[in-house]
Amino acid sequence: MTYHNATNKEEHPKIVVSKFGDVENREIDYTLKIVEECYSRLKPHEIELVDLCVFEKSSSMSAFMAKESKEVGVASASFSELFFAMHDAFRGTSRIILCLERMKKLPLLVQYGGIRHEVGHSVLHGSLLYYVLPLPPALSDLVNLSIISREYATNLLYLISIAVKDYEVSRLLYGRGYVEDQTAYAKHLLEATETDKRAWQLAMGKPLAEILCLVSCLKSAVCATPFLLDETFSEGMKTLLRENLSYLPTNSSTSLLNMILENFSSLGTDTLSNINQVASVVVENIVKPRLCW
Numbered sequence: 004m005t006y007h008n009a010t011n012k013e014e015h016p017k018i019v020v021s022k023f024g025d026v027e028n029r030e031i032d033y034t035l036k037i038v039e040e041c042y043s044r045l046k047p048h049e050i051e052l053v054d055l056c057v058f059e060k061s062s063s064m065s066a067f068m069a070k071e072s073k074e075v076g077v078a079s080a081s082f083s084e085l086f087f088a089m090h091d092a093f094r095g096t097s098r099i100i101l102c103l104e105r106m107k108k109l110p111l112l113v114q115y116g117g118i119r120h121e122v123g124h125s126v127l128h129g130s131l132l133y134y135v136l137p138l139p140p141a142l143s144d145l146v147n148l149s150i151i152s153r154e155y156a157t158n159l160l161y162l163i164s165i166a167v168k169d170y171e172v173s174r175l176l177y178g179r180g181y182v183e184d185q186t187a188y189a190k191h192l193l194e195a196t197e198t199d200k201r202a203w204q205l206a207m208g209k210p211l212a213e214i215l216c217l218v219s220c221l222k223s224a225v226c227a228t229p230f231l232l233d234e235t236f237s238e239g240m241k242t243l244l245r246e247n248l249s250y251l252p253t254n255s256s257t258s259l260l261n262m263i264l265e266n267f268s269s270l271g272t273d274t275l276s277n278i279n280q281v282a283s284v285v286v287e288n289i290v291k292p293r294l295c296w
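Numbering follows our numbering, with no gaps: position 167 of the sequence shown is 170.
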């Protein structure tokens, strides 16, 4: 069943809602209210059309993402089980994907923060350009030297790109006054899971696996970065960042923290340039030390 919102196009983008499972109209109305308010506050932007896919159950969302991943040839499906809200543009149109089963388990502020986060992605990254990316020079050099495979470099690029894009969205929302919900969302992401800890335990002693684990830590950490420069939140967020990474060896967690503090806050507004910049930092600080050269 597909529901089209009746909002005036001049005020908001046209939002086409697709419901999967037993999704009530009141749940759609709740979501649209958050989405439309956010688009208004994030003006000016050029978004005219957005697909909003709302899933009743986690299993159906995971199956949908696995099918999409296979059809469009991307590796994001394996990450879909981690989040209640996501954004992509693989079909040429900005698409926000929500899972009500996962979302309802979270505090309201985290729900608001996550939905607005995906709206921010649609504003900043609503084109296929930001999802089908060329290898940054720093990674391409490693492939050409046969230090890592192209497939491995592509996986690294995916993790780096989602960290960069998440930082850009958090910076945008913070700058537009979304503070309470974005701090709640950042704190939610900063809760290290048992899966995170087990993944590190399995990766230890395997340099390529360690690198992927460490780079994957950036996504949750960078959403807190805009608040590190705000005196009201700085110390609290630094403490949370340290706690989030405490399951890692001290030298690894310290290196990650320093990378985040020293590099992300200086990123500009060109996403592709930012990805190349962070890729270079990752190669110097994470990849090279573990591959012994």
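For each residue, glycine too, the CB sits at the ideal point set by N, CA and C.
Assigned exposure category for residue i - 16 Cβ within 10 Å defines buried
i      : result
THR228 : buried
PRO302 : With the chain running from 4 to 296 in the structure shown, residue 302 is simply not present.
CYS216 : buried
THR242 : exposed
ARG174 : buried
ASP25  : exposed
THR253 : exposed
LEU148 : exposed
PRO16  : buried
SER237 : exposed
Contacting residues, own chain, Cβ-Cβ under 6 Å from residue i (five flanking each side not counted)
i      : result
SER61  : CYS102, GLU104 and ARG105
ILE100 : CYS56 and MET89
LYS291 : none
Residue i - partner residues in DSSP beta bridges
i     : result
VAL57 : LYS22 and LEU101
ASP91 : ARG98
LEU52 : LYS17
Distance CB(residue i)-CB(residue j) smaller than 8 Å
i      : j      : result
CYS56  : ARG119 : no
ILE289 : VAL218 : yes
TYR161 : GLY116 : no
ALA92  : SER283 : no
SER97  : GLY129 : yes
VAL19  : ILE31  : no
Residues of its chain near residue i, where Cβ-Cβ distance is below 7 Å and the 5 sequence neighbours each way are ignored
i      : result
CYS220 : LEU248 and LEU259
LEU192 : SER223 and CYS226
ALA195 : ASN247 and TYR250
ALA66  : none
VAL113 : ALA187, TYR188 and HIS191
Close Cβ partners of residue i (< 8 Å) along its chain, the five nearest in sequence each way excluded
i      : result
ILE153 : Per the sequence shown, the amino acid found at residue 153 is Arg instead of Ile. Excluding positions up to five away in sequence, the list reads LEU138 and VAL146.
THR274 : LEU127, HIS128, TYR133, VAL167, LYS168 and GLU171
Worksheet item: With contact counted as at least three CB pairs below 8 Å, one residue from each stretch, are the segment 114 to 133 and the segment 238 to 249 in contact?
Response: Three or more Cβ pairs closer than 8 Å define a contact, and the segment 114 to 133 falls short of that threshold against the segment 238 to 249.
Worksheet item: How do the segment 262 to 271 and the segment 156 to 174 stand: do at least 3 beta-carbon pairs fall below 8 Å, yes or no?
Response: With three or more CB-CB distances shorter than 8 Å, the segment 262 to 271 counts as touching the segment 156 to 174.
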